[in-house]
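Enquirer: Each residue of the sequence shown is one higher than the last, beginning at -18 in this note's numbering.
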Amino acid sequence: MALAREDSSPLFAGSVAGTLRLIFYLALAMVLMVLDHRNGWMWRARYAAAVAVEPVYRLAGLPADGVRALGVAFADRQRLTEQNQRLREDLLLANAKLNRMAAVAEQNERLKELLATQHSLGLNVQLARVIGVDLGAGRHRLMINLGARDGVKPGQPVIDARGLLGQVVEVLPTTAVLMLVTDPNHAVPVTVERTGLRTIAYGARDGDQLSLPTVPMAADVQAGDRLLTSGLGGRFPPGFPVGTVTAVGPAANGLFLEARARPSADINRSDDVLLLHDQAEPAGPPAPAASAGPPAGLAPAPAPGQPAAPAAGAAAGAAR
-18 MALAREDSSP LFAGSVAGTL RLIFYLALAM VLMVLDHRNG WMWRARYAAA
32 VAVEPVYRLA GLPADGVRAL GVAFADRQRL TEQNQRLRED LLLANAKLNR
82 MAAVAEQNER LKELLATQHS LGLNVQLARV IGVDLGAGRH RLMINLGARD
132 GVKPGQPVID ARGLLGQVVE VLPTTAVLML VTDPNHAVPV TVERTGLRTI
182 AYGARDGDQL SLPTVPMAAD VQAGDRLLTS GLGGRFPPGF PVGTVTAVGP
232 AANGLFLEAR ARPSADINRS DDVLLLHDQA EPAGPPAPAA SAGPPAGLAP
282 APAPGQPAAP AAGAAAGAAR
């Protein structure tokens, strides 16, 4: 069905004004294209318009840029925080490993010293490890990881790489208790290396020291003298370092000199110790020998006018 004339577009209307307007627009477009192609005026206009409109674009994009920047900053901060935490953990772990390596190296040095002591003295020893410490005011004791099942016996001397540490006082199936030389209840016969003076060293009651309260007034004992085990009593073998004299002065009773000594053993740092085996049991003085005369065949002939000497057997029987 044909459209009515009044329904047609006004641009294509049959009026002369509409046709002229269309021709004008087309001519203007052609002129602008030619000018833009030859002189670039439209490019300059677009450039100027872009310069004028660019701040508007930037202002419109500020919220989005801010949100994006905040997101990046938060993500970077979180990532940096996590990396910092990981680095701190790695540093702590590295320090712990370094400290552990230093402790192991120090322990190896102590073990080397113990082995050197064993080889140099040719001792029958047993290596034990300290697993407990009791350093109270009146008790200086250690617990080791060996007991009756390992052949440990009460009274066994205990040494470290530097000297006498103490002795075993209590034995359990798998552990044992050591009394240190600094315990107030401990005593060890010692001799002064420089002069050969024999005396007794007790554990001091006021610190990790040794006390020698019965030194004769005329004895030559000086600070710096070394104390060695004398071997008297058979409990401790002779020759082991016990301590070094640090001070000498009159005793409280005024009858003796009292000396103070620093233990030779590393009392507070010994982690590994040596138990001495095959030591002689404590014994008293030897029994007196039975009196007996010379053999009968070697008895001197009696002088003239004197009775003959009785037979050795008869003399011994009379003595019994």
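Every residue gets a Cβ at the ideal spot worked out from N, C-alpha and C, and that includes glycine.
Quick one: what does DSSP say GLY303 is sitting in, helix, strand or coil?
Expert: The structure shown does not extend to residue 303, since the chain is modelled only from -18 to 301, so the question has no answer here.
Enquirer: Alpha carbon to alpha carbon, what distance is there between LYS134 and GLY128?
Expert: Rounded to the nearest angstrom, the two C-alpha atoms are 8 Å apart.
Enquirer: Output yes or no for whether 7 Å exceeds the beta carbon distance between LEU257 and PRO138.
Expert: In contact: LEU257 and PRO138 (Cβ atoms closer than 7 Å).
Enquirer: Would you mind sorting HIS18 into buried or exposed? The rule is 16 or more other CB atoms within 10 Å of its CB.
Expert: Looking at its Cβ environment, which holds fewer than 16 other Cβ atoms inside 10 Å, HIS18 is exposed.
Enquirer: In terms of DSSP beta bridges, what is ALA168 paired with?
Expert: ALA168 is bridged to TYR183.
Enquirer: Whole angstroms is fine: what's the gap from THR62's alpha carbon to ALA109's?
Expert: So the alpha carbons of these two residues sit roughly 48 Å apart.
Enquirer: Out of curiosity, what's the CA-to-CA distance linking ASP115 and VAL162?
Expert: Looking at the two C-alpha atoms, the distance is approximately 13 Å.
Enquirer: Tell me the DSSP bridge mates of GLN122?
Expert: First, the residue type needs correcting, since residue 122 is Arg and not Gln in the sequence shown. DSSP lists ASP115, MET160 as partners of ARG122.
Enquirer: Give the DSSP-derived three-state secondary structure of ASP253 in the structure shown.
Expert: ASP253: strand per DSSP, three-state reduction.
Enquirer: So which of GLY144, VAL158, ALA142 has the shortest CA-CA distance to MET124?
Expert: That would be VAL158, whose Cα lies nearest to the Cα of MET124.
Enquirer: Cutting at 6 Å between CB atoms, please list the residues of its own chain near ALA240, excluding the five before and the five after it.
Expert: Within the same chain, ALA240 has close Cβ partners LEU193, VAL196, VAL202, VAL226, VAL229.
Enquirer: In the DSSP assignment, what residue or residues form a beta bridge with ARG243?
Expert: Answer is THR225, bridged to ARG243.
Enquirer: Assign PRO266 to buried or exposed, taking buried as 16 or more other Cβ atoms, counted over all protein chains shown, within 10 Å of its Cβ.
Expert: Because the pLDDT of PRO266 is 49, which lies under 50, any placement of that residue in the model is unreliable, and the number read from its coordinates should be weighed accordingly. With fewer than 16 other Cβ atoms within 10 Å, it is exposed.
Enquirer: Are VAL223 and LEU145 touching if we call contact CB-CB under 7 Å?
Expert: For VAL223 and LEU145, yes; Cβs fall inside 7 Å.
Enquirer: Count the other C-beta atoms from every protein chain shown that fall within 10 angstroms of the C-beta of THR0, then say buried if there are 16 or more, exposed otherwise.
Expert: Exposed, because fewer than 16 other Cβ atoms sit within 10 Å of the Cβ of THR0.
Enquirer: Just to confirm my understanding: we take ALA168, look at its own chain, exclude 5 residues before and 5 after, and list those with CB closer than 6 Å. What are they?
Expert: Excluding positions up to five away in sequence, the list reads ILE181, TYR183.
Enquirer: According to the Cβ coordinates, are LEU213 and ILE140 closer than 7 Å?
Expert: It is not a contact, given that the beta carbons lie outside the stated cut-off.
Enquirer: Do LEU208 and ALA242 have their C-beta atoms closer together than 7 Å?
Expert: Cβ atoms of LEU208 and ALA242: closer than 7 Å.
Enquirer: Use the C-beta contact count for ILE112: other C-beta atoms within 10 angstroms, 16 or more gives buried, fewer gives exposed.
Expert: Under this definition ILE112 is an exposed residue.
Enquirer: Going by DSSP, which residues form a beta bridge with GLN107?
Expert: For GLN107, which the question treats as bridged, DSSP gives the partners LEU256.
Enquirer: Grab me the residues of ALA8's own chain with a C-beta within less than 6 Å of its C-beta, minus the 5 sequence neighbours each way, in chain order.
Expert: Once the five neighbours on either side are set aside, ALA8 has no close Cβ partner at all.
Enquirer: For a test of the three-state rule: what should DSSP assign to GLY230, helix, strand or coil?
Expert: In the structure shown, GLY230 sits in a strand (DSSP, three-state: E or B).
Enquirer: Quick one: Cα of GLN59 to Cα of LEU68, how far?
Expert: GLN59 and LEU68: Cα-Cα distance of roughly 14 Å.
Enquirer: What are the start and end residues of the beta strand (DSSP E) that includes GLY147?
Expert: Its beta strand (DSSP E) spans residues 145 to 152.
Enquirer: For PRO154, tell me which candidate among ASP164, ARG175, VAL173, ARG130 has the shortest Cα-Cα distance.
Expert: Considering only alpha carbons, the answer is ARG130.
Enquirer: Bridge partners for ILE4 per DSSP, in chain order?
Expert: DSSP, once it has assigned bridges, lists no residue as partnering ILE4.
Enquirer: CA-CA distance, ILE4 and VAL34?
Expert: Each residue's alpha carbon lies about 32 Å from the other.
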